Every structure is written in structure tokens, then in C-alpha cells.
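The opening residue of the sequence shown carries number 1 in UniProt numbering; numbering runs sequentially from there.
Cβ coordinates follow ideal geometry from the N, Cα and C atoms, glycine included.
Model, not experiment: these values are computed from the prediction.
Input: a single structure, listed below in C-alpha cells.
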Amino acid sequence: MPRIRDIAQICKSKNAGPFMVTIDVLFEDHALYRRVKATGVLNAALFARLYGVAEADVLFTPYDTAAAFKATLPRLVPAGGIGDTDVYGAQQHAPLLDVEIPLNDVS
């Protein structure tokens, strides 16, 4: 089963202020994006589970025109705070890379 890292052209994260992080998953192929969207795997509940936050705190938005998904969620440690290991939020997308998407044929 393909993982996000295998099928998305871009999967990145960055701070959305000191207390939030935003994660973007973009597809070059709109047909593939629609197939991924149809699986329902990418959703607020997934991000809540992966990042240890409440589902109600995840703003999840599919952008059909851009063939992209965006999730904004609270950082567990504020940017630059004691214990922060990623002050820019640029490595927060890593847990998403191994998420499997049940596509029968990726072409």
C-alpha cells in the first residue's frame, strides 16, 4: 500500500505562529488527489491521533483547486519554548509520511 511519502509531491510543515503548526500535502496529479481524498484517510481525526491533540483543535481543509490538504493544529511545545526541538516547525510533517493510503493502483 503506498504511503504519503510515495505519492505526494510535497509534504511539508511550518509554524503558523508560535503556538500552531500547519501541515500541507500537495499532489501534482489532480486525479490522484481525488482518489486519495475519496479514501477518507486524510482527516482531522488522523492528524489528532498522529500529533496527540484533540480532534476539535485540528482545522483540516481539502483544497480541490490546488489538489492539496492542509491541517493546522496546536504545537505541543510553543516555538522556542523549553523542550522545543523544531523552532520553525519544519520537521513536524514527519509522522504523516508513513501514513498508508489504500489505493489499488497508483499510476
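Identify whether V99 lies in helix, strand or coil by the three-state DSSP scheme. What you label residue 99 is simply residue 99 of the sequence shown in a count that begins at 1. If DSSP states are grouped into helix, strand and coil, V99 belongs with coil.
Decide if the region 27-35 is in contact with the region 2-11; the criterion is three or more beta carbon pairs, one per stretch, under 8 Å apart. yes
Where G83 falls, given that 16 or more other Cβ within 10 Å makes a residue buried: The residue labelled residue 83 in the question sits at position 83 within the sequence shown. It is exposed - the Cβ of G83 has fewer than 16 other Cβ atoms within 10 Å.
Look up R35 in the DSSP assignment and say whether it is helix, strand or coil. Against the sequence shown, residue 35 aligns to sequence position 35. Helix at R35.
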